[in-house]
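Q: In my numbering, the protein residues as written are 186 to 343.
C-beta atoms are modelled at their ideal positions from N, C-alpha and C, and glycine is treated no differently.
1) Counting pairs of Cβ atoms below 8 Å between the stretch 217-224 and the stretch 295-314, do you hit three or more?
2) So within the stretch 232-283, which uninterrupted beta strand (DSSP E) runs reach at least 3 residues, ignoring any that extend past its ends?
3) Quick one: give me the first and last residue of the beta strand (DSSP E) that residue 194 is part of.
4) Rounded to whole angstroms, what is the Cα-Cα separation between residue 342 and residue 211?
5) Going by beta carbon distance, what residues of the same chain come within less than 6 Å of residue 292, once the five residues before and after it are set aside?
6) Helix, strand or coil, according to DSSP, for residue 325 in the structure here?
7) Leaving out the 5 sequence neighbours to the left and right, which residues in its chain are closer than 7 Å to residue 268 when beta-carbon positions are compared?
8) Where does the unbroken alpha helix (DSSP H) through residue 213 begin, and where does it stop?
9) Helix, strand or coil: which one does DSSP assign to residue 228?
10) So residue 250 and residue 233 are in contact, right, with Cβ under 8 Å, and what is the actual spacing, rounded?
11) Can you give the Cα-Cα distance for residue 192 and residue 316, rounded to whole angstroms?
12) Of the residues 188, 224, 213, 189, which one's Cα is nearest the Cα of residue 202?
13) At the level of alpha carbons, what is the spacing between residue 338 and residue 258?
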């Protein structure tokens, strides 16, 4: 599956638009230097997801957007080395109808030994529940993306 990709400095979640669109050449230089850049998948104005790549800061995030450009699913990966990432956090959000108001959210914190913390927030009722378990985290490892190749990283199902 080959995706259309666009590059920018960052995606504004509040304004729902890219900040400073870049050409491939500038983004490639940032990638090679380990400096931050953002990849927009499928569209520069209405992406299905965006990927923040910050190798020198030690993380990569993948944010999936709904039809209202709200971030409903977020994956944070920790950079383990130059070739490998580990999915350390996943966040799922539910919104109130067509508004940007979050009504429910579930956050998963993963450690490499499988220890998993789950936090379920019911914002409308102002409650939060925390639980701990152990998970099989073999699927949480991901190769650091080669520039321009983001298909694997942008998978929703994990």
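A: If we stick to the structure as given:
1) no
2) 234-239, 244-250, 256-264, 269-280
3) Working through the chain shown from its first residue, we reach residue 194 at position 9. Counting along the chain, the beta strand (DSSP E) containing residue 194 begins and ends at 190-197.
4) Residue 342 sits at position 157 when you count from the first residue of the chain shown. Residue 211 sits at position 26 when you count from the first residue of the chain shown. Straight-line spacing of the CA atoms in residue 342 and residue 211 works out to 30 Å.
5) In the chain shown, the residue the question calls residue 292 occupies position 107. Taken in chain order, the residues that qualify are 276, 304.
6) Translated into the one-based positions of the chain shown, residue 325 becomes position 140. In this structure, residue 325 counts as helix in the three-state DSSP scheme.
7) Along the chain shown, one-based indexing puts residue 268 at 83. Here the set comprises 328, 329.
8) Along the chain shown, one-based indexing puts residue 213 at 28. Start and end: 209-218.
9) For the purposes of this step, residue 228 is taken as the residue at position 43 of the chain shown. The answer is coil: DSSP assigns residue 228 none of H, G, I, E or B.
10) Taking the first residue of the chain shown as position 1, residue 250 is located at position 65. Taking the first residue of the chain shown as position 1, residue 233 is located at position 48. The pair is a contact, with the Cβ atoms about 6 Å apart (cut-off 8 Å).
11) Looking up residue 192 in the chain shown gives position 7. Looking up residue 316 in the chain shown gives position 131. Answer to the nearest angstrom: the Cα atoms are 38 Å apart.
12) One-based indexing of the chain shown puts residue 202 at position 17. Nearest C-alpha to residue 202: 224.
13) In the chain shown, the residue the question calls residue 338 occupies position 153. In the chain shown, the residue the question calls residue 258 occupies position 73. Near 13 Å, if we compare the C-alpha coordinates of residue 258 and residue 338.
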